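These protein sequence lines map, in sequence, to chains A and B. Take the first sequence: its letters are residues 26 to 459, numbered as in our numbering. Take the second sequence: its letters are residues 26 to 459, numbered as in our numbering.
Protein chains: 2
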Amino acid sequence: MTQTLLSKLDRREAVIGIVGMGYVGQPLALRYVNVGFRVLGFDINADRVAELNAGHSSIEHIADADMAAAIARGLTCTTDISRITQADAIIMCVPTPLNKYREPDLSYVTQTCDAIAPYLRAGQVVSLESTTYPGTTEEEILPRVTAGGLVAGQDIYIVYSPEREDPGNADFNTASIPKIVGGHTSACLEVGTALYTAAIDRVVPVSSTKAAEMTKLLENIQRAVNIGLVNEMKIVADRMGIDIFEVVDAAATKPFGFSAYYPGPGLGGHCIPIDPFYLTWKAREYGLHTRFIELAGEINQRMPDYVLGKLIRALNDRSKPLAGVDILFLGISYKKNVDDVRESPAVQLMELVREHGGRVSYSDPHVPRFPQMRAHSFDLVSEEISAARLAAADAVVLTTDHDAFDYGLILEHAVLIIDSRGKYRDAAPNVVRA
Amino acid sequence: MTQTLLSKLDRREAVIGIVGMGYVGQPLALRYVNVGFRVLGFDINADRVAELNAGHSSIEHIADADMAAAIARGLTCTTDISRITQADAIIMCVPTPLNKYREPDLSYVTQTCDAIAPYLRAGQVVSLESTTYPGTTEEEILPRVTAGGLVAGQDIYIVYSPEREDPGNADFNTASIPKIVGGHTSACLEVGTALYTAAIDRVVPVSSTKAAEMTKLLENIQRAVNIGLVNEMKIVADRMGIDIFEVVDAAATKPFGFSAYYPGPGLGGHCIPIDPFYLTWKAREYGLHTRFIELAGEINQRMPDYVLGKLIRALNDRSKPLAGVDILFLGISYKKNVDDVRESPAVQLMELVREHGGRVSYSDPHVPRFPQMRAHSFDLVSEEISAARLAAADAVVLTTDHDAFDYGLILEHAVLIIDSRGKYRDAAPNVVRA
Numbered sequence: 026m027t028q029t030l031l032s033k034l035d036r037r038e039a040v041i042g043i044v045g046m047g048y049v050g051q052p053l054a055l056r057y058v059n060v061g062f063r064v065l066g067f068d069i070n071a072d073r074v075a076e077l078n079a080g081h082s083s084i085e086h087i088a089d090a091d092m093a094a095a096i097a098r099g100l101t102c103t104t105d106i107s108r109i110t111q112a113d114a115i116i117m118c119v120p121t122p123l124n125k126y127r128e129p130d131l132s133y134v135t136q137t138c139d140a141i142a143p144y145l146r147a148g149q150v151v152s153l154e155s156t157t158y159p160g161t162t163e164e165e166i167l168p169r170v171t172a173g174g175l176v177a178g179q180d181i182y183i184v185y186s187p188e189r190e191d192p193g194n195a196d197f198n199t200a201s202i203p204k205i206v207g208g209h210t211s212a213c214l215e216v217g218t219a220l221y222t223a224a225i226d227r228v229v230p231v232s233s234t235k236a237a238e239m240t241k242l243l244e245n246i247q248r249a250v251n252i253g254l255v256n257e258m259k260i261v262a263d264r265m266g267i268d269i270f271e272v273v274d275a276a277a278t279k280p281f282g283f284s285a286y287y288p289g290p291g292l293g294g295h296c297i298p299i300d301p302f303y304l305t306w307k308a309r310e311y312g313l314h315t316r317f318i319e320l321a322g323e324i325n326q327r328m329p330d331y332v333l334g335k336l337i338r339a340l341n342d343r344s345k346p347l348a349g350v351d352i353l354f355l356g357i358s359y360k361k362n363v364d365d366v367r368e369s370p371a372v373q374l375m376e377l378v379r380e381h382g383g384r385v386s387y388s389d390p391h392v393p394r395f396p397q398m399r400a401h402s403f404d405l406v407s408e409e410i411s412a413a414r415l416a417a418a419d420a421v422v423l424t425t426d427h428d429a430f431d432y433g434l435i436l437e438h439a440v441l442i443i444d445s446r447g448k449y450r451d452a453a454p455n456v457v458r459a
Numbered sequence: 026m027t028q029t030l031l032s033k034l035d036r037r038e039a040v041i042g043i044v045g046m047g048y049v050g051q052p053l054a055l056r057y058v059n060v061g062f063r064v065l066g067f068d069i070n071a072d073r074v075a076e077l078n079a080g081h082s083s084i085e086h087i088a089d090a091d092m093a094a095a096i097a098r099g100l101t102c103t104t105d106i107s108r109i110t111q112a113d114a115i116i117m118c119v120p121t122p123l124n125k126y127r128e129p130d131l132s133y134v135t136q137t138c139d140a141i142a143p144y145l146r147a148g149q150v151v152s153l154e155s156t157t158y159p160g161t162t163e164e165e166i167l168p169r170v171t172a173g174g175l176v177a178g179q180d181i182y183i184v185y186s187p188e189r190e191d192p193g194n195a196d197f198n199t200a201s202i203p204k205i206v207g208g209h210t211s212a213c214l215e216v217g218t219a220l221y222t223a224a225i226d227r228v229v230p231v232s233s234t235k236a237a238e239m240t241k242l243l244e245n246i247q248r249a250v251n252i253g254l255v256n257e258m259k260i261v262a263d264r265m266g267i268d269i270f271e272v273v274d275a276a277a278t279k280p281f282g283f284s285a286y287y288p289g290p291g292l293g294g295h296c297i298p299i300d301p302f303y304l305t306w307k308a309r310e311y312g313l314h315t316r317f318i319e320l321a322g323e324i325n326q327r328m329p330d331y332v333l334g335k336l337i338r339a340l341n342d343r344s345k346p347l348a349g350v351d352i353l354f355l356g357i358s359y360k361k362n363v364d365d366v367r368e369s370p371a372v373q374l375m376e377l378v379r380e381h382g383g384r385v386s387y388s389d390p391h392v393p394r395f396p397q398m399r400a401h402s403f404d405l406v407s408e409e410i411s412a413a414r415l416a417a418a419d420a421v422v423l424t425t426d427h428d429a430f431d432y433g434l435i436l437e438h439a440v441l442i443i444d445s446r447g448k449y450r451d452a453a454p455n456v457v458r459a
């Protein structure tokens, strides 16, 4: 069985099924098609499936032309989960969010497993790519996949291989980012390695699915903690009359042992603010408390409040309240040059300003209309920035430093700039660092 | 005045005075001599001065031949502080430790300033290289240097330029590590930049002495926090049956956004465990609490206890108590391939084992005899490791993973290895990860 599947993968005759055609599934599907595989893309969202089959990517950094070419070459998207049986490899790329008590919400993963279970057959490999706590594959995937009698490592192969997508990163893509793979058995690892070797330049096998799960968490935990640290340092430096951005730049000249992280208005996106708490939750089962994660979460979540305080003080220095004045936000996605507003600190800050009675508007070339979000609602469209519009705002808050902004124009015409990204390094009377 | 000094520096006619001929002062003195300057090396330790003048370095990684050559070419060491008046540049490289309440002990800095003050004259530049809190140069150096009437930035130039020595680093040396410089005035910065440009490949000017002070602290704070984080992750991973070293190695394959830090038996050396608390102390003046620093300190300081627990449990599994048994420590310096035992966690662990009644011995090719230390006293010399010696110990504790150790021999003959450095990645019945 193992040899048959390995040989299919090697000859690119295997059908790759990707479940969850979002920001992870889409580029992965394109990559498999581009190296010669037939790919089935599964999604529960019928509108998205229709759009994809019509050659329209739902992601800004994936061109429609690339999606259309993939559809022409061998990608078929579908909502029909029974077609899982046609796939030799099943790769799950579904969300793993937190609920409002910061507990893991594995419902997308378990519902996917339950949905595919009736259609599983011998000779398939099932891989989970969603970020999750150590033990998920063994505790949640394995029992569901083997419930019908298939034996893991013999009939069916179970692996965990975390996605490492970095939207907006111009230096690395799906193929060139090394891929960690852990298998439930050694045969599972062998098949998982073959599955990804077919499409990814470098595959890194580890000794267990747990080790692979922990690897992805450690990457994002380190990032959350380092951002938390530099945010705390920003507050200290600010009080001491020191520019933290200058300090980080200077420290970054050390050619070893230092990595530059920059402070900001908070922590955003679907990974860094969320993933670490998957470990926090699981660690409790062992009676352990993940203190760095908690501290980073606490400090990072407080940053929008910090920026708000700077805004209120700067307005106050100009004898203005926040209530009733015109606050224009520049950039509302969670990081620069992307269109993703999930968990964006800019949006949290917009909420805070609105709660205080400020009149909120925004400009973001990547987000033409404020999207539907679970927790936030603004009936707004992106405004064009002109000299007049900038001059009319009581304050502009630079929340996301997109390359597309005309920073010279902003500096020239804005009455007051609250700069949370260190974009304006030289002192100016209308710039307040936040 | 400025032009005269700049010209002397440019023509290498300036005399460089270095105060504190330790692990920072010695390589810096050698570098200035090697680029053609005359150097006066000041130290309060007459024995060390005599040794240096006789061509004997006190530091393992500086060869006696290099020191002897420098003495022959233009380095003179002295205890006579009145000769400061002969120096055009005065570079202070003295220790900045903590007292037992973890408060900054600036006595070496202030005593140096008071000692040199009577011999200062117009046309000199004074640079502090010791790691310290933001504000030290303005608050402690400036008043002492200008007490006799010299005007800073006009008669005398005051700069802060943190040392970035990394003993044992084969890739970078004094000349190739970029040097941060902050000046009290713009003329001070100009002179300071010229002083270091003469000897260092790349000089990085920053806007103030405070910014330069903060830069060095941020570098070491980031390191302390990241080591604290991975030590906490080690404890969590261990309980989950995951090998943290495998996980760090796997995460390090991510080509962006992750830096590998490895756990260990604690945090050692004269910088990383100490420097961060300089900021903690100063931040209190501003009503701020540096929580990441405190947390990292707490976790890192607890690691020797964690290793002790692993040792006691492993002995217990072999039906042995710790009291009365033979514990051989491998490596007692604070990091590998160096001879420095300051703040070494290995030494703290030796103390703990002795307190519990264990019989303590050690082997360290870099530390032939246990040195005199302020807080620790062991009347021990380094033992040779032989098959018989290893087999005789009830446990060997790998505390510092020097390259010089014969790890195959240790694995073959030791009854029990407590490995705190992840040196033995494959499971073996006599290896316990700690």
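Glycine included, C-beta positions come from ideal geometry on N, C-alpha and C. Quick caveat, the model's predicted, so the values are computed rather than measured.
Sixteen is the threshold: when 16 or more other Cβ atoms of the shown chains lie within 10 Å of the Cβ of A/S233, as they do, the residue is buried. At a beta-carbon threshold of 8 Å, the residues of chain B lying near A/R248 are G282, F283, ordered along the chain.
By the C-beta density criterion, A/E310 is exposed, having fewer than 16 other C-beta atoms within 10 angstroms. Distance check between B/I337 and each of B/E323, B/Y303, B/R379 places B/R379 closest, using alpha-carbon atoms only.
Counting along the chain, B/D91 sits inside no beta strand (DSSP E); it lies in the alpha helix (DSSP H) bounded by residues 89-98.
By the Cβ rule, the segment 176-195 of chain B counts as touching the segment 205-220 of chain B, because three or more pairs are nearer than 8 Å. Interface annotation, A/Y311: in contact with chain B, CB-CB separation under 8 Å.
The alpha carbon of B/M26 has as its nearest neighbour, out of B/T278, B/A453, B/A147, the alpha carbon of B/A147. In the structure shown, the three-state DSSP call for B/I69 is coil. Contact with chain A is found for B/A308, since one of that chain's Cβ atoms lies less than 8 Å from the residue's Cβ. With a threshold of 16 other beta carbon atoms within 10 Å, A/E215 meets it and is buried. Straight-line spacing of the CA atoms in A/T240 and B/Y303 works out to 33 Å.
Per DSSP, reduced to three states, the secondary structure at A/I166 is helical. Within chain A, the residues whose beta carbon sits less than 8 Å from that of B/V261 are L304, A308, Y311, L313, T315, listed in sequence order. Secondary structure of B/P129 (DSSP, three-state): strand. Classified as exposed, B/L434 has fewer than 16 neighbouring CB atoms from the shown chains inside 10 Å of its CB.
The beta carbon of A/T240 sits closer than 8 Å to some beta carbon of chain B. Taking a cut-off of 8 Å on C-beta distances, the segment 220-228 of chain B does not touch the segment 252-269 of chain A, as fewer than three cross pairs fall below it. Inclusion of A/A348 and A/G383 in the CB contact set at 8 Å is warranted, their separation being smaller than that value.
Contact check for B/M328 against B/P370 passes: the beta carbons are separated by less than 8 Å. For B/A142, the nearest beta carbon of chain A is not closer than 8 Å to its own beta carbon. For B/V49 against B/C118, the beta-carbon gap comes to about 4 Å, under 8 Å, which counts as contact. Exposed is the label assigned to B/S132, since fewer than 16 other Cβ atoms lie within 10 Å of its Cβ. Among the residues of the segment 228-239 of chain A, those with a Cβ less than 8 Å away from any Cβ of chain B are V229, V231, S232, S233, K235, A236, A237, M239, in the order of the chain. At a cut-off of 8 Å between C-beta atoms, B/A275 counts as an interface residue with respect to chain A. For B/T425, the secondary structure class from DSSP, reduced to helix, strand or coil, is coil. In this structure, the CA atom of B/A412 is about 8 Å from the CA atom of B/A439. The Cβ atoms of A/M258 and B/K235 do not sit closer than 8 Å to each other. Pairwise C-beta distances place the segment 102-117 of chain B out of contact with the segment 278-289 of chain B, as fewer than three of them are shorter than 8 Å. Per DSSP, the continuous alpha helix (DSSP H) segment holding A/L34 begins and ends at 27-35.
B/G293 is positioned such that its CB atom lies no closer than 8 Å to that of B/K335. Scanning chain B for C-beta atoms nearer than 8 Å to the C-beta of A/L254 yields I246, Q247, V250, F317, reported in chain order. At the C-beta level, B/S445 and B/L423 come within 8 Å of one another.
Under the Cβ distance rule, A/F197 counts among the residues neighbouring chain B, one pair being separated by less than 8 Å. Residue burial is scored here from C-beta neighbours: A/H391 has at least 16 other C-beta atoms within 10 angstroms and is therefore classed as buried.
Taking 8 Å as the cut-off, the beta carbon of A/P192 is found closer than this to the beta carbon of A/D365.
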